[in-house]
DNA sequence: GATTAGATATACATAATGTATATTCAATTT
DNA sequence: AAATTGAATATACATTATGTATATCTAATC
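Chains as they are written, first to last, in full-length UniProt numbering: chain A, 1 to 205; chain B, 1 to 205.
If you want it as structure tokens, here you go:
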């Protein structure tokens, strides 16, 4: 006799709620903890008021939990605004805006720093994060192609894309962050990005 | 009765040799391993042909070993050439040279990538690495002050120093490295550094 | 020959991830 | 109302690391 299975609204709602509670506890632990090394499923479970096994039930592994936290931050970090910049008339203004959006993203939740650290300890998690970052490179490639002069070589375009990709990434933000407000970091990054597209313009050299 | 202690040439020589053997095994493990997470004192000790406790005898801890590897790479990585650039007449040429030296350094031994990852897991090790990196910032500060126009604000100088510090650091190298030769990465970094000092020159605006 | 430094042998404490099995309890289904 | 199911729990265990403690071994030195 096949087991009769069913979906339970109250059940899955309760499960979703504990799931969110665990994610909240995890991201707070990342935010407050000084190092990713001290981030343990044990402490997260305790903080969320569940058992460690419940965490495994919901996320499968430490990595699964980290990815869930990353996705949550991604949703609430303002990256949805990236959709707008592709429709902007001036690609240079769009580039400025992209830098602004990512400065806001990297500074929005201190947990992103710890998640970045987690890339060092878990290669598969690192790969998952990199995949999401590649969207930024994709957007950049489109913008650069729009603003580059016809005479600009593919080589030069790729250099600009990759350099701006690095400039708008987390490590650069973290390097410029000490001693600077979010806006000041943004200004420095924007200036560097503008300089990076300079060789692509149609001036004589 | 106080124990009579003595220094033994043969003993300390043998100890220094095992120490070097362990460092060599550790850096090779870092070079070949895919992640810092899999770097264990157990495997290093086995590869070096000693016991794990010998590693503790020599380096005190995992962190101690990592710092020893870092120092070894620092000694053999060509950073001694930094002394020359401070005596160069043209500070812009010196800046080019600095970028070149560090591109060579980051690409010279793949273990540096893993050591960079280790910063994420061990805050105190991270602090030790940062201290060594600060020497680069010091050099940069001197160079920037030499090439900046008198009218350039302290603010603008600091921006240039910190931006170039980021550009010549490991994360930027690692970001530009896929798909590029060491020399190509160097060219991109140098161009970005030159652009970063552009606002400091004495042109009307 | 006694002593000492460096390496080893053995054992243990601690903490973390991850797996396995059985059980409790409330929400559904019949 | 009774049987069943999903989510969470309880308990236990395997594995892998780091790090500490104590005693022993061995060759170099006094």
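All C-beta atoms, glycine included, are put in the ideal place defined by N, C-alpha and C.
Computed from a prediction, not measured in an experiment: that's the story for all the values here.
{"Asked": "Cβ shell of residue 36 of chain B (< 7 Å), same chain only, five flanking positions each side left out", "Found": "114, 117, 118, 121"}
{"Asked": "Distance CB(residue 211 of chain A)-CB(residue 149 of chain A) smaller than 7 Å", "Found": "What is shown of chain A runs 1 to 205, which leaves residue 211 of chain A out entirely."}
{"Asked": "Within 7 Å of chain B by C-beta, residues of the region 153-179 of chain A in sequence order", "Found": "159, 162, 163, 165, 166, 169, 171, 172, 175, 176"}
{"Asked": "Cβ-based burial, residue 169 of chain B [other Cβ within 10 Å; buried from 16]", "Found": "buried"}
{"Asked": "Residue 86 of chain A, DSSP secondary structure in three states", "Found": "coil"}
{"Asked": "Cβ pair count under 8 Å reaching 3, the region 41-59 of chain B against the region 11-30 of chain B", "Found": "yes"}
{"Asked": "7 Å Cβ cutoff met for residue 107 of chain A and residue 182 of chain A", "Found": "yes"}
{"Asked": "Spatial neighbours of residue 152 of chain A in its chain, beta-carbon cut-off 7 Å, leaving aside the 5 residues before and after", "Found": "200"}
{"Asked": "Heavy atom of the ligand COA within 6 Å of residue 117 of chain A beta-carbon", "Found": "Absence of the ligand COA is noted for the structure shown, with no ligands found whatsoever."}
{"Asked": "7 Å Cβ cutoff, residue 34 of chain B in contact with chain A", "Found": "yes"}
{"Asked": "Endpoints, the alpha helix (DSSP H) within which residue 18 of chain B is located", "Found": "9-32"}
{"Asked": "Min CB distance residue 183 of chain A to chain B below 7 Å", "Found": "no"}
{"Asked": "Distance between residue 109 of chain A and residue 39 of chain A (C-alpha atoms, nearest Å)", "Found": "16 Å"}
{"Asked": "Within 7 Å, strictly: CB atoms of residue 191 of chain A and residue 143 of chain A", "Found": "no"}
{"Asked": "Identity of the residue in B/88, B/74, B/193, B/177 nearest residue 135 of chain B by Cα", "Found": "B/74"}
{"Asked": "Extent of the continuous alpha helix (DSSP H) run through residue 136 of chain B", "Found": "123-147"}
{"Asked": "Own chain partners of residue 197 of chain A with C-beta closer than 8 Å, once the 5 adjacent residues on each side are dropped", "Found": "92, 95, 144, 147, 148, 160, 164"}
{"Asked": "Where residue 117 of chain B meets chain A, residues with beta-carbon distance less than 7 Å", "Found": "120"}
{"Asked": "Neighbourhood of residue 1 of chain A by C-beta distance below 7 Å, restricted to the same chain and skipping five residues each side", "Found": "With a pLDDT of 41 at residue 1 of chain A, under the threshold of 50, the modelled position of that residue is not reliable, and no figure is offered here."}
{"Asked": "Any C-beta of chain A under 7 Å from that of residue 188 of chain B", "Found": "yes"}
{"Asked": "C-beta contact flag for residue 103 of chain B and residue 186 of chain B at 7 Å", "Found": "yes"}
{"Asked": "Simplified DSSP state of residue 182 of chain A, which is helix, strand or coil", "Found": "helix"}
{"Asked": "Sequence-distant residues of the same chain with beta carbon closer than 8 Å to residue 139 of chain A, five excluded per side", "Found": "82, 85, 86, 98"}
{"Asked": "Cutoff 7 Å: residue 195 of chain A Cβ touching any chain B Cβ", "Found": "yes"}
{"Asked": "Presumed contact (8 Å Cβ cut-off) between residue 19 of chain A and residue 58 of chain A, rounded CB distance", "Found": "5 Å"}
{"Asked": "Same chain only: Cβ atoms within 8 Å of residue 78 of chain A, ignoring 5 sequence neighbours per side", "Found": "101, 104, 105, 108"}
{"Asked": "Chain-ordered chain A contacts of residue 37 of chain B [CB-CB under 9 Å]", "Found": "120, 121, 122, 123"}
{"Asked": "Min CB distance residue 15 of chain B to chain A below 7 Å", "Found": "no"}
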